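Numbering (the working numbering), first residue to last: 157 to 640. For reference, the structure discussed in these notes is given below.
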RNA sequence: GGACGGGUGGGUGAGUGGCUAAAACCAGCAGACUGUAAAUCUGCCGCUCCUUGCGGGCUACGGAGGUUCGAAUCCUCCCCCGUCCA
């Protein structure tokens, strides 16, 4: 048998097997029969498919939501096909209007470059670095002449472009908003009398107002946003791709790409979409700006805690989209939970462990699991807590803050004595956003010193003699304070 | 170019001269219950000071001025946004 490394994996798997593997978790494959034909062709000629994923480096960190589609790219890579990771460094400067309720501020060149770099480091936690083709679309888009841009625009009708949901709803909401507003000003507004039942017209008014508040505020569309799908279509042309991956929200873009490829005399690519990962809140899509995300570079303990906090229902889509468990295994787990054989919490722990292991390794995942049990099941303080060393020196308190390998130093100044209020100290460490916030926590029982609740917001810490305090602030923040 | 309408706290949005640190809803936070889940219930939710009190001070309703004992609310100018007509 020849060396396995020489032999592409696809030759070892039948087209049917490949399809089954690739299909897992997919939202839509347009069109599946074309994909099958391409796979067959590839198997026959031994020429791997060119599969690409384009990403705009709009934010420096990638989170689990981004990994769904990157993992699918890896699946193609596993099957021996060519994975192309395209960095939309040029298109990012336009900004994808997809899912945007307003025009985004364009990114600067510097931001894009910086983001692209950190992006790649993280991407290769999933993809095989040696087998991945990395491209930047500024390479060709940056060289376009305005003549070429105009020619490109000539290949796609405006009406089609405006069909897309993002644009349509932005235009539509403006119109509706105006209509309702007219309705409101049409009603006379009588002075409302206190204590009396609101008159009929007032109720109408309220109903209209509620109607308005349900609508998104109208947002303008800038012309350059129309260009986004067209320009990125040139990526597909340039790369001569067979398959393009994207989240479901990218469907429109992917379809435009397909058509433009045809216009340029190429065989249209398969548009392969993946579902959007729901964030920790269980409702909205995972995104950094909503704060409901798990970054893939986050420390294992952090990831574990966040994963455990997702709802039981959500767990299953995470299993589907973030692990390599086979479909039938997931179905069985689900069944076991349903029948009570398996506790949902244990299923979730396994999920968390699996995901963390894929980014940080088995050992780190084990450690994170043990730590989780320790802190939350047994309600003990974490084994490693942030330490803050305090020293009163004359008029200032020097603060040394040890966070893992990082060491921060600072001082708290002001009218100082040996006796300091906890609330202002906590604020001084930037542990809470304001002293008022700290006082609030204390009043509500969210503050312990050495396992004893401290409720008095004016409670103080004596700095005159050395001591060590273990402090809990809120549900999950712990701190060790060492007075020197 | 013309005619309308709008800009209030993290978001939506009420509020047309004092009773408004500003309703309501959402988000967020804490507590209870738990499986750090969900759901539910309770409380909190600008900053700051202290003697932590239905306490004092400061800042806040696009921006700048003005009227007034008093302005998110009235006036002037400016900036921004939307709709319709051309």
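For every residue, glycine included, the Cβ atom is placed at its ideal position computed from N, Cα and C. If you're wondering where the values come from, they're calculated on a predicted model, not measured in any experiment.
Inset, instruction - Starting from residue 649, follow its DSSP beta bridges and name the residues at the other end. - result: The question about residue 649 has no answer, for the chain in this structure spans 157 to 640.
Inset, instruction - Report the option in 171, 575, 298 and 554 whose CA atom is closest to the CA atom of residue 621. - result: 575
Inset, instruction - Please go through the same chain and pick out, in chain order, the residues whose beta-carbon is closer than 8 Å to the beta-carbon of residue 436, but skip the five residues on each side of it. - result: 442, 448, 449, 450, 462, 465 and 466
Inset, instruction - Can you give me the Cβ contacts of residue 177 inside the same chain, cut-off strictly under 7 Å, excluding the 5 residues immediately before and after it? - result: If we look at residue 177 and ignore the five residues flanking it on each side, its Cβ neighbours are 231 and 235.
Inset, instruction - For the segment 213-223 and the segment 390-400, state whether three or more C-beta atom pairs, one from each stretch, are separated by less than 8 Å. - result: no
Legend entry - Cutoff 8 Å; reference residue 294; Cβ partners in own chain excluding five residues on either side: 245 and 246
Inset, instruction - Using beta-carbon positions only, say whether residue 511 and residue 478 come within less than 8 Å of one another. - result: Between residue 511 and residue 478, the C-beta spacing is below 8 Å.
Legend entry - Backbone CA spacing between residue 284 and residue 215 [nearest angstrom]: 22 Å
Inset, instruction - Measure the beta-carbon distance from residue 224 to residue 430 and round it to whole angstroms, keeping in mind my assumption that it falls under 8 Å. - result: 5 Å
Inset, instruction - Please name the residue or residues paired with residue 288 in a DSSP beta bridge. - result: 239
Legend entry - Option nearest residue 408 by Cα separation, candidates 182, 388 and 195: 388
Legend entry - Cut-off 7 Å between Cβ atoms - residues of its own chain near residue 583, not counting five sequence neighbours on either side: 590, 591 and 594
Inset, instruction - From the DSSP output, in three-state form, read off residue 624 for me. - result: strand
Inset, instruction - Grab the span of the alpha helix (DSSP H) containing residue 504 for me, first residue to last. - result: Where residue 504 is concerned, the enclosing alpha helix (DSSP H) stretches over 500-516.
Legend entry - Cβ separation of residue 404 and residue 184, assumed to be a contact under 8 Å, to the nearest whole Å: Going by Cβ atoms, the distance from residue 404 to residue 184 rounds to 7 Å, so yes, they are a contact pair.
Inset, instruction - Taking 8 Å as the cut-off, decide whether the C-beta atoms of residue 472 and residue 390 are in contact. - result: no
Legend entry - DSSP beta-bridge partners of residue 603: Its beta-bridge partners are 629.
Legend entry - Cβ pair residue 587, residue 633 closer than 8 Å: Result yes, Cβ atoms of residue 587 and residue 633 sit closer than 8 Å.
Legend entry - From 288, 281, 243 and 287, residue whose alpha carbon lies closest to that of residue 271: 243
Inset, instruction - To the nearest angstrom, report how far apart residue 418 and residue 424 are at their CA atoms. - result: Between residue 418 and residue 424, the C-alpha separation is close to 6 Å.
Legend entry - Beta-carbon proximity of residue 434 to residue 411, cut-off 8 Å: no
Legend entry - Length of the line joining the Cα atoms of residue 619 and residue 539: So the alpha carbons of these two residues sit roughly 25 Å apart.
Inset, instruction - Could you spell out where the beta strand (DSSP E) holding residue 490 opens and where it closes? - result: That residue, residue 490, is in no beta strand (DSSP E); its alpha helix (DSSP H) goes 483-494.
Inset, instruction - Report back the beta-carbon spacing between residue 639 and residue 603 to the nearest angstrom; my notes put them in contact at under 8 Å. - result: The pair is not a contact, with the Cβ atoms about 18 Å apart (cut-off 8 Å).
Legend entry - Close Cβ partners of residue 475 (< 8 Å) along its chain, the five nearest in sequence each way excluded: 481, 486, 489 and 507
Legend entry - residue 553 burial status per 10 Å Cβ neighbour count (16 or more: buried): buried
Inset, instruction - Output the distance between the C-alpha atoms of residue 302 and residue 382, rounded to the nearest integer angstrom. - result: 16 Å
Legend entry - Endpoints, the beta strand (DSSP E) within which residue 576 is located: Unbroken beta strand (DSSP E) run through residue 576: 575-577.
Legend entry - N-terminal and C-terminal residue of the alpha helix (DSSP H) that residue 393 is part of: 379-395
Inset, instruction - Could you spell out the range, first to last residue, of the alpha helix (DSSP H) harbouring residue 174? - result: 171-179
Legend entry - Range of the contiguous beta strand (DSSP E) that encloses residue 278: Looking at the DSSP string, residue 278 is not in any beta strand (DSSP E); the run it does join, the alpha helix (DSSP H), is 265-279.
Inset, instruction - Just grab the DSSP bridge partners of residue 608 for me. - result: 605
Inset, instruction - Quick one: grab the DSSP three-state call for residue 634. - result: strand
Legend entry - Spatial distance of residue 636 from residue 454 (CA atoms): 22 Å
Legend entry - Three-way DSSP call (helix, strand, coil) for residue 580 in this model: Note: residue 580 maps to helix in three-state DSSP.
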